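Residue numbers (full-length UniProt numbering): 1 to 110.
For each residue, glycine too, the CB sits at the ideal point set by N, CA and C.
Quick caveat: nothing in here was measured; it's all calculated off a predicted structure.
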């Protein structure tokens with residue numbers, strides 16, 4: 001069994017993140033860490049590098065976050081995702097979703 005959607009990068013894990021991972025390894029085979037914010041993508045990849053056979057990153061942007069960032073930030077993040085594509089999966093929060101949220105944001109601003 002795996003945890004198919006969690007957020008180990010969230011700050012409420014700061015004090016006990018490694019303990020949570022250690023305990024999780026006793027119960028499940030792996031974790032998909034679903035990054036939802038640009039500012040936490042590096043940490044998600046770092047967790048994967050530290051636990052490469054247990055934590056599997058999925059990089060994207062939550063729709064609520066997508067409307068809070070500029071098109072430039074989205075483009076830079078898409079470049080980051082592409083640059084690191086061998087380290088992660090891309091799911092429903094991936095590239096096409098980024099574009100969709102940005103288009104919705106632009107329409108709302110008009």
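| query | result |
| --- | --- |
| Tell me, which residues are paired with residue 6 by DSSP? | 33 |
| For a test of your reading of the model: does the CB of residue 64 fall under 7 Å from any non-hydrogen atom of the ligand MG? Yes or no. | Absence of the ligand MG is noted for the structure shown, with no ligands found whatsoever. |
| Grab the span of the alpha helix (DSSP H) containing residue 24 for me, first residue to last. | 17-27 |
| If you check the beta carbons only, do residue 33 and residue 7 fall under 8 Å apart? | yes |
| Check whether the region 74-81 and the region 47-57 are in contact - that is, three or more C-beta pairs closer than 8 Å. | no |
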